[in-house]
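Notes for the one structure printed next.
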Amino acid sequence: MKNRKKTGLYIHVPFCVRKCPYCDFYSVASSKEKLYEQYADAVIRNIKRYVRENPEIFFETVYFGGGTPSLLPVYLYEKIMSEISLYTNFERSEITIELNPGTSDEDKLRKLRSIGINRLSVGIQSAADNELKYLGRIHDFTQAKNIINDAYSAGFENISADLMIGVREQTMESLMFSIDRLTELPLKHISAYMLKIEEGTEYFKNGMSELVPDEDLVADMYLALVEKLKEKGYFQYEISNFSRKGYESRHNLRYWHCESYIGIGPSAHSYFNNKRYEVLGNLSEFILSDCQKEIINDENPDDFFEIAMLQLRLKEGLDTKLYPKYSEKIIKRATKLEKAKLISVSDGVISMTPEGFLISNSVITELLADF
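Position one of the sequence shown corresponds to residue 5 (our numbering), numbered consecutively onward.
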(Lines of atoms letter the chains of each structure in order from A and count residues from 1; the text may use other names and numbers.)
(Lines give C-alpha, C1' and ligand atoms only; values in the text may rest on other atoms or scores of the structure.)
Protein backbone atom coordinates (compact mmCIF):
# COMPACT_ATOMS: atom_id res chain seq x y z
CA MET A 1 0.00 0.00 0.00
CA LYS A 2 2.87 2.39 0.74
CA ASN A 3 3.87 2.64 -2.92
CA ARG A 4 0.34 2.86 -4.30
CA LYS A 5 -0.93 6.10 -5.81
CA LYS A 6 -4.11 6.57 -3.77
CA THR A 7 -6.84 8.41 -5.63
CA GLY A 8 -10.58 8.67 -6.13
CA LEU A 9 -12.57 7.57 -9.15
CA TYR A 10 -15.64 9.45 -10.38
CA ILE A 11 -17.71 7.81 -13.15
CA HIS A 12 -20.32 10.01 -14.79
CA VAL A 13 -23.33 7.96 -15.87
CA PRO A 14 -25.16 10.38 -18.19
CA PHE A 15 -28.50 8.59 -18.60
CA CYS A 16 -31.87 9.81 -17.29
CA VAL A 17 -35.51 8.83 -17.63
CA ARG A 18 -36.11 12.48 -18.50
CA LYS A 19 -34.33 15.74 -17.82
CA CYS A 20 -35.35 17.50 -14.61
CA PRO A 21 -36.31 21.13 -15.37
CA TYR A 22 -33.71 22.58 -12.97
CA CYS A 23 -30.77 20.32 -13.92
CA ASP A 24 -27.79 21.63 -15.87
CA PHE A 25 -25.62 18.49 -15.58
CA TYR A 26 -24.81 16.67 -18.80
CA SER A 27 -27.36 13.90 -19.34
CA VAL A 28 -29.18 12.04 -22.10
CA ALA A 29 -32.72 10.67 -21.90
CA SER A 30 -32.37 7.06 -23.05
CA SER A 31 -33.50 3.54 -22.16
CA LYS A 32 -31.57 1.79 -24.94
CA GLU A 33 -29.70 -1.16 -23.46
CA LYS A 34 -27.31 -1.34 -26.41
CA LEU A 35 -26.25 2.25 -25.72
CA TYR A 36 -25.77 1.38 -22.04
CA GLU A 37 -23.50 -1.53 -23.03
CA GLN A 38 -21.41 0.64 -25.35
CA TYR A 39 -21.05 3.21 -22.59
CA ALA A 40 -19.97 0.58 -20.02
CA ASP A 41 -17.36 -0.80 -22.44
CA ALA A 42 -15.97 2.72 -22.88
CA VAL A 43 -15.78 3.21 -19.10
CA ILE A 44 -13.81 -0.03 -18.68
CA ARG A 45 -11.55 0.89 -21.60
CA ASN A 46 -10.69 4.22 -19.97
CA ILE A 47 -10.08 2.68 -16.52
CA LYS A 48 -7.64 0.24 -18.15
CA ARG A 49 -5.91 3.08 -19.97
CA TYR A 50 -5.39 5.02 -16.73
CA VAL A 51 -4.01 1.98 -14.93
CA ARG A 52 -1.76 1.13 -17.86
CA GLU A 53 -0.28 4.61 -17.68
CA ASN A 54 -0.27 4.67 -13.84
CA PRO A 55 0.15 1.04 -12.70
CA GLU A 56 0.46 2.06 -9.02
CA ILE A 57 -3.13 3.39 -8.86
CA PHE A 58 -5.30 2.44 -5.87
CA PHE A 59 -8.89 3.72 -5.68
CA GLU A 60 -9.74 4.79 -2.12
CA THR A 61 -13.17 6.03 -3.19
CA VAL A 62 -15.41 5.35 -6.18
CA TYR A 63 -18.47 7.44 -7.04
CA PHE A 64 -21.04 6.69 -9.76
CA GLY A 65 -22.78 10.03 -10.40
CA GLY A 66 -25.15 11.29 -13.02
CA GLY A 67 -27.59 11.51 -14.58
CA THR A 68 -29.34 8.58 -12.98
CA PRO A 69 -26.76 5.80 -12.46
CA SER A 70 -29.40 3.40 -11.11
CA LEU A 71 -30.84 3.13 -14.64
CA LEU A 72 -27.95 0.90 -15.73
CA PRO A 73 -28.68 -2.85 -15.37
CA VAL A 74 -26.77 -4.74 -12.69
CA TYR A 75 -24.82 -6.91 -15.14
CA LEU A 76 -23.09 -3.81 -16.49
CA TYR A 77 -22.13 -2.74 -12.98
CA GLU A 78 -20.79 -6.26 -12.44
CA LYS A 79 -18.50 -5.75 -15.46
CA ILE A 80 -17.34 -2.31 -14.33
CA MET A 81 -16.88 -3.35 -10.69
CA SER A 82 -14.95 -6.45 -11.78
CA GLU A 83 -12.41 -4.14 -13.44
CA ILE A 84 -12.33 -1.72 -10.50
CA SER A 85 -11.83 -4.62 -8.05
CA LEU A 86 -8.30 -5.09 -9.43
CA TYR A 87 -7.29 -1.66 -8.12
CA THR A 88 -9.16 -1.25 -4.83
CA ASN A 89 -10.19 -3.03 -1.66
CA PHE A 90 -13.96 -3.32 -1.32
CA GLU A 91 -13.74 -3.73 2.46
CA ARG A 92 -11.84 -0.46 2.94
CA SER A 93 -12.98 1.74 0.07
CA GLU A 94 -16.13 3.87 -0.08
CA ILE A 95 -18.08 3.03 -3.23
CA THR A 96 -21.14 5.19 -3.86
CA ILE A 97 -23.91 5.08 -6.43
CA GLU A 98 -26.51 7.78 -6.96
CA LEU A 99 -30.05 6.50 -7.17
CA ASN A 100 -33.43 8.03 -7.91
CA PRO A 101 -36.63 6.52 -6.48
CA GLY A 102 -38.59 4.80 -9.22
CA THR A 103 -35.49 3.36 -10.91
CA SER A 104 -34.68 0.47 -8.58
CA ASP A 105 -36.17 -2.15 -6.26
CA GLU A 106 -34.98 -4.27 -3.33
CA ASP A 107 -33.76 -7.11 -5.57
CA LYS A 108 -31.60 -4.77 -7.64
CA LEU A 109 -30.28 -3.12 -4.47
CA ARG A 110 -29.28 -6.50 -3.00
CA LYS A 111 -27.36 -7.28 -6.18
CA LEU A 112 -25.61 -3.91 -6.19
CA ARG A 113 -24.62 -4.42 -2.56
CA SER A 114 -23.33 -7.92 -3.32
CA ILE A 115 -20.89 -6.68 -5.98
CA GLY A 116 -19.19 -4.22 -3.60
CA ILE A 117 -21.18 -0.97 -3.76
CA ASN A 118 -21.52 0.10 -0.12
CA ARG A 119 -22.99 3.61 -0.14
CA LEU A 120 -26.14 5.10 -1.70
CA SER A 121 -26.95 8.72 -2.47
CA VAL A 122 -30.70 8.99 -3.08
CA GLY A 123 -32.28 11.96 -4.85
CA ILE A 124 -35.36 12.51 -2.70
CA GLN A 125 -35.41 16.37 -2.72
CA SER A 126 -38.62 16.81 -0.68
CA ALA A 127 -41.20 14.94 1.40
CA ALA A 128 -44.01 17.13 -0.02
CA ASP A 129 -45.51 15.66 -3.18
CA ASN A 130 -46.56 19.06 -4.58
CA GLU A 131 -42.92 20.23 -4.39
CA LEU A 132 -41.73 17.04 -6.09
CA LYS A 133 -44.21 17.69 -8.89
CA TYR A 134 -42.78 21.18 -9.50
CA LEU A 135 -39.27 19.73 -9.50
CA GLY A 136 -40.29 17.35 -12.30
CA ARG A 137 -39.42 14.27 -10.25
CA ILE A 138 -40.79 10.87 -11.34
CA HIS A 139 -41.47 9.73 -7.75
CA ASP A 140 -43.62 10.67 -4.79
CA PHE A 141 -42.46 10.59 -1.18
CA THR A 142 -43.99 7.17 -0.48
CA GLN A 143 -41.78 5.69 -3.21
CA ALA A 144 -38.77 7.53 -1.80
CA LYS A 145 -39.43 6.28 1.73
CA ASN A 146 -39.89 2.72 0.47
CA ILE A 147 -36.65 2.68 -1.51
CA ILE A 148 -34.68 3.90 1.53
CA ASN A 149 -36.17 1.14 3.69
CA ASP A 150 -35.59 -1.42 0.91
CA ALA A 151 -31.95 -0.32 0.66
CA TYR A 152 -31.47 -0.71 4.38
CA SER A 153 -33.03 -4.19 4.23
CA ALA A 154 -30.72 -5.01 1.31
CA GLY A 155 -27.65 -4.36 3.47
CA PHE A 156 -26.88 -0.69 2.81
CA GLU A 157 -25.98 0.91 6.13
CA ASN A 158 -24.45 4.07 4.65
CA ILE A 159 -27.30 5.93 2.91
CA SER A 160 -27.47 9.61 2.00
CA ALA A 161 -30.43 11.64 0.74
CA ASP A 162 -30.63 14.93 -1.14
CA LEU A 163 -32.96 17.71 0.03
CA MET A 164 -33.73 20.87 -1.95
CA ILE A 165 -34.28 24.33 -0.43
CA GLY A 166 -36.15 27.10 -2.24
CA VAL A 167 -38.58 24.98 -4.25
CA ARG A 168 -41.80 26.44 -5.64
CA GLU A 169 -44.58 26.37 -3.00
CA GLN A 170 -42.06 25.44 -0.28
CA THR A 171 -42.63 27.16 3.06
CA MET A 172 -40.69 27.06 6.31
CA GLU A 173 -43.31 24.63 7.61
CA SER A 174 -43.03 22.30 4.60
CA LEU A 175 -39.23 22.31 4.84
CA MET A 176 -39.40 21.35 8.53
CA PHE A 177 -41.91 18.64 7.57
CA SER A 178 -39.44 17.26 5.00
CA ILE A 179 -36.63 17.24 7.55
CA ASP A 180 -38.81 15.43 10.09
CA ARG A 181 -39.81 12.81 7.54
CA LEU A 182 -36.26 12.26 6.24
CA THR A 183 -34.73 11.95 9.69
CA GLU A 184 -37.23 9.21 10.55
CA LEU A 185 -35.53 7.09 7.87
CA PRO A 186 -32.28 5.09 8.31
CA LEU A 187 -30.09 7.83 6.82
CA LYS A 188 -26.50 8.55 7.81
CA HIS A 189 -26.05 11.62 5.62
CA ILE A 190 -28.15 14.45 4.17
CA SER A 191 -27.11 16.87 1.42
CA ALA A 192 -29.20 20.05 1.40
CA TYR A 193 -28.90 22.26 -1.66
CA MET A 194 -30.38 25.67 -2.35
CA LEU A 195 -32.12 25.61 -5.71
CA LYS A 196 -30.18 27.55 -8.34
CA ILE A 197 -31.90 28.37 -11.59
CA GLU A 198 -29.15 27.95 -14.16
CA GLU A 199 -29.15 29.55 -17.59
CA GLY A 200 -30.22 27.12 -20.30
CA THR A 201 -32.44 24.98 -18.06
CA GLU A 202 -36.19 24.62 -18.53
CA TYR A 203 -36.71 26.52 -15.27
CA PHE A 204 -34.69 29.45 -16.63
CA LYS A 205 -36.64 29.54 -19.90
CA ASN A 206 -40.00 29.35 -18.09
CA GLY A 207 -39.29 32.15 -15.62
CA MET A 208 -39.36 29.93 -12.52
CA SER A 209 -37.20 32.47 -10.64
CA GLU A 210 -40.36 34.59 -10.25
CA LEU A 211 -42.29 31.70 -8.65
CA VAL A 212 -39.87 30.33 -6.04
CA PRO A 213 -39.35 31.67 -2.47
CA ASP A 214 -37.37 34.92 -2.30
CA GLU A 215 -33.74 35.12 -1.16
CA ASP A 216 -34.55 36.27 2.38
CA LEU A 217 -36.90 33.35 2.98
CA VAL A 218 -34.43 30.86 1.48
CA ALA A 219 -31.71 32.24 3.78
CA ASP A 220 -33.99 31.81 6.80
CA MET A 221 -34.81 28.28 5.62
CA TYR A 222 -31.12 27.37 5.35
CA LEU A 223 -30.31 28.63 8.85
CA ALA A 224 -33.33 26.84 10.30
CA LEU A 225 -32.32 23.65 8.48
CA VAL A 226 -28.80 23.76 9.95
CA GLU A 227 -30.23 23.99 13.48
CA LYS A 228 -32.94 21.39 12.90
CA LEU A 229 -30.52 18.82 11.47
CA LYS A 230 -28.15 19.41 14.38
CA GLU A 231 -31.00 18.69 16.79
CA LYS A 232 -31.63 15.46 14.88
CA GLY A 233 -27.97 14.39 15.15
CA TYR A 234 -26.74 15.41 11.69
CA PHE A 235 -23.73 17.69 11.99
CA GLN A 236 -22.68 20.14 9.29
CA TYR A 237 -19.24 19.45 7.86
CA GLU A 238 -19.53 21.41 4.58
CA ILE A 239 -21.77 24.16 3.20
CA SER A 240 -24.42 21.73 1.95
CA ASN A 241 -23.56 18.49 3.74
CA PHE A 242 -24.58 17.02 7.09
CA SER A 243 -23.91 13.60 8.56
CA ARG A 244 -23.93 11.37 11.59
CA LYS A 245 -20.49 11.30 13.18
CA GLY A 246 -18.09 9.25 11.05
CA TYR A 247 -20.32 9.17 7.97
CA GLU A 248 -19.01 12.18 6.07
CA SER A 249 -18.69 11.51 2.32
CA ARG A 250 -15.09 10.40 1.92
CA HIS A 251 -15.23 10.90 -1.84
CA ASN A 252 -16.53 14.47 -1.69
CA LEU A 253 -13.97 15.33 0.99
CA ARG A 254 -11.30 14.50 -1.60
CA TYR A 255 -12.49 17.50 -3.63
CA TRP A 256 -12.33 19.93 -0.72
CA HIS A 257 -9.03 18.61 0.62
CA CYS A 258 -7.39 18.97 -2.82
CA GLU A 259 -6.77 15.23 -3.05
CA SER A 260 -6.55 13.54 -6.42
CA TYR A 261 -9.43 11.96 -8.32
CA ILE A 262 -9.94 10.67 -11.84
CA GLY A 263 -13.14 11.44 -13.74
CA ILE A 264 -14.40 9.09 -16.44
CA GLY A 265 -17.40 9.69 -18.69
CA PRO A 266 -18.75 12.65 -20.69
CA SER A 267 -18.41 15.94 -18.74
CA ALA A 268 -16.47 14.32 -15.85
CA HIS A 269 -13.76 16.39 -14.16
CA SER A 270 -10.39 15.23 -12.83
CA TYR A 271 -7.61 16.43 -10.58
CA PHE A 272 -4.76 14.01 -11.19
CA ASN A 273 -0.99 14.21 -11.64
CA ASN A 274 -1.17 17.87 -10.53
CA LYS A 275 -3.49 18.95 -13.33
CA ARG A 276 -7.19 19.77 -13.49
CA TYR A 277 -9.01 18.71 -16.64
CA GLU A 278 -12.45 17.74 -17.93
CA VAL A 279 -13.94 15.38 -20.50
CA LEU A 280 -15.97 16.72 -23.40
CA GLY A 281 -19.72 16.49 -22.71
CA ASN A 282 -20.46 14.29 -25.68
CA LEU A 283 -21.67 10.71 -25.17
CA SER A 284 -21.17 9.60 -28.78
CA GLU A 285 -17.57 10.82 -28.81
CA PHE A 286 -16.91 9.15 -25.45
CA ILE A 287 -18.20 5.82 -26.77
CA LEU A 288 -16.40 5.99 -30.12
CA SER A 289 -12.99 7.19 -28.89
CA ASP A 290 -10.23 4.82 -27.84
CA CYS A 291 -9.65 7.14 -24.89
CA GLN A 292 -11.83 10.00 -23.67
CA LYS A 293 -11.00 13.47 -24.96
CA GLU A 294 -9.76 15.62 -22.08
CA ILE A 295 -9.28 19.37 -21.89
CA ILE A 296 -6.76 20.74 -19.37
CA ASN A 297 -8.25 23.54 -17.28
CA ASP A 298 -5.33 24.22 -14.96
CA GLU A 299 -1.74 23.01 -15.13
CA ASN A 300 -0.75 24.51 -11.77
CA PRO A 301 -3.77 24.14 -9.48
CA ASP A 302 -2.07 23.87 -6.10
CA ASP A 303 -1.78 27.56 -5.28
CA PHE A 304 -2.78 28.97 -1.90
CA PHE A 305 -5.92 30.66 -3.24
CA GLU A 306 -7.44 27.42 -4.52
CA ILE A 307 -6.50 25.42 -1.42
CA ALA A 308 -7.91 28.11 0.88
CA MET A 309 -11.09 28.51 -1.16
CA LEU A 310 -11.84 24.78 -0.95
CA GLN A 311 -10.88 24.45 2.72
CA LEU A 312 -13.18 27.32 3.65
CA ARG A 313 -16.14 25.35 2.31
CA LEU A 314 -15.60 22.92 5.17
CA LYS A 315 -16.76 23.40 8.74
CA GLU A 316 -13.24 22.44 9.88
CA GLY A 317 -12.04 25.56 8.05
CA LEU A 318 -8.62 26.77 7.00
CA ASP A 319 -5.67 26.29 9.37
CA THR A 320 -3.55 29.33 8.58
CA LYS A 321 -0.66 27.97 10.68
CA LEU A 322 0.03 25.58 7.80
CA TYR A 323 0.65 28.59 5.53
CA PRO A 324 2.92 30.93 7.52
CA LYS A 325 3.67 33.02 4.43
CA TYR A 326 0.03 34.14 4.31
CA SER A 327 -1.26 33.64 7.85
CA GLU A 328 -0.69 37.11 9.31
CA LYS A 329 -2.32 38.91 6.40
CA ILE A 330 -5.34 36.63 6.19
CA ILE A 331 -5.96 36.69 9.96
CA LYS A 332 -5.89 40.49 9.78
CA ARG A 333 -8.52 40.46 7.03
CA ALA A 334 -10.63 38.05 9.07
CA THR A 335 -11.18 40.49 11.96
CA LYS A 336 -13.99 42.46 10.30
CA LEU A 337 -15.76 39.28 9.15
CA GLU A 338 -15.53 37.78 12.62
CA LYS A 339 -17.16 40.89 14.12
CA ALA A 340 -19.99 40.43 11.58
CA LYS A 341 -20.36 36.83 12.81
CA LEU A 342 -19.66 35.43 9.36
CA ILE A 343 -16.56 33.52 10.45
CA SER A 344 -14.90 32.38 13.64
CA VAL A 345 -11.16 32.39 14.32
CA SER A 346 -9.62 30.06 16.88
CA ASP A 347 -5.90 29.27 17.23
CA GLY A 348 -5.27 30.39 13.66
CA VAL A 349 -8.11 28.33 12.18
CA ILE A 350 -10.68 30.29 10.17
CA SER A 351 -14.05 28.64 9.79
CA MET A 352 -17.37 29.94 8.53
CA THR A 353 -20.52 30.22 10.57
CA PRO A 354 -23.84 29.14 9.00
CA GLU A 355 -24.46 32.83 8.23
CA GLY A 356 -21.08 32.93 6.50
CA PHE A 357 -21.86 29.81 4.47
CA LEU A 358 -24.98 31.57 3.17
CA ILE A 359 -22.79 34.16 1.42
CA SER A 360 -19.68 32.00 1.13
CA ASN A 361 -18.53 33.43 -2.21
CA SER A 362 -18.52 36.98 -0.83
CA VAL A 363 -16.78 35.90 2.38
CA ILE A 364 -14.10 33.97 0.52
CA THR A 365 -13.57 36.88 -1.90
CA GLU A 366 -13.13 39.28 1.03
CA LEU A 367 -10.74 36.95 2.88
CA LEU A 368 -8.60 36.10 -0.14
CA ALA A 369 -8.68 39.44 -1.96
CA ASP A 370 -4.89 39.88 -1.65
CA PHE A 371 -4.01 36.39 -2.84
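Glycine included, every Cβ here is placed at the ideal spot set by N, Cα and C. The structure displayed is predicted, hence computed values, not measured ones.
In the structure shown, the three-state DSSP call for Phe94 is coil.
Between Lys192 and Glu231, the C-beta spacing is not below 9 Å. Across the structure, Ser288 and Asn365 are spaced so that their CA atoms are roughly 36 Å apart. Under the DSSP assignment, Gly12 falls in the beta strand (DSSP E) whose first and last residues are 9-17. When DSSP states are grouped into helix, strand and coil, Thr65 belongs to the strand group. When C-alpha distances from Asn245 are compared across Gly352, Leu179, Ser125, Ser331, the shortest belongs to Ser125.
According to the DSSP assignment, Lys279 belongs to the beta strand (DSSP E) that extends over 279-283. Collapsing the DSSP output to three states places His193 in a strand. Looking at the DSSP output, Leu124 bridges to Ile101, Ile163.
By DSSP's assignment, Cys20 forms a beta bridge with Ala33.
Phe375: not part of any beta strand (DSSP E); DSSP gives it neither H nor E. In the three-state DSSP reduction, Asn256 falls in the helix class (H, G or I). Residue burial is scored here from C-beta neighbours: Phe290 has at least 16 other C-beta atoms within 10 angstroms and is therefore classed as buried. Closest in alpha carbon position to Ala312, among Gly285, Val353, Ala155, Met198, is Val353.
Residue state for Asn245 is assigned as strand, using DSSP reduced to three classes. Rounded to whole angstroms, the separation of the alpha carbons of Asp28 and Ser213 is 15 Å. DSSP, read as helix, strand or coil, puts Leu322 in strand. In the DSSP annotation of this structure, the continuous segment of the alpha helix (DSSP H) that includes Tyr226 starts and ends at 219-235. Leu39 places its beta carbon 9 Å or farther from that of Thr72. Following the DSSP letters along the chain, one finds Met85 inside the alpha helix (DSSP H) bounded by residues 78-88. Per the Cβ contact rule, the segment 191-208 is in contact with the segment 151-165 (3 or more Cβ pairs under 8 Å). In the three-state reduction of the DSSP assignment, Gly70 falls in the strand class, which pools E and B. Under the DSSP assignment, Asp111 falls in the alpha helix (DSSP H) whose first and last residues are 110-118. Note on geometry: alpha-carbon atoms of Glu57 and Ile266 lie some 13 Å from one another. For the pair of segments examined, the segment 60-67 was found to touch the segment 96-113: the number of CB pairs separated by less than 8 Å reaches three. Following the DSSP letters along the chain, one finds Ser355 inside the beta strand (DSSP E) bounded by residues 353-356. Rounded to the nearest whole angstrom, the CA to CA distance from Asn277 to Gly211 is 42 Å.
Shortest Cα-Cα distance from Lys112 to any of Glu98, Tyr79, Asp144 involves Tyr79.
Take the alpha-carbon of Gly204 and the one of Arg280: they are about 25 Å apart. According to the DSSP assignment, Tyr275 belongs to no alpha helix (DSSP H) but to the beta strand (DSSP E) extending over 273-276. If you check the CB distance, Glu263 and Tyr251 do not come in under 9 Å. The beta carbon of Tyr327 is closer than 7 Å to those of Phe308 in its chain, skipping five residues each way along the sequence.
In terms of CA proximity to Met180, Met225 leads the group Ile300, Leu75, Met225, Thr357. Rounded to whole angstroms, Cys20 and Ser247 show a C-alpha spacing of 27 Å. The Cβ-Cβ distance between Arg114 and Gly170 does not fall below 9 Å.
The segment 235-242 makes no contact with the segment 85-98, as fewer than three CB pairs between them are under 8 Å.
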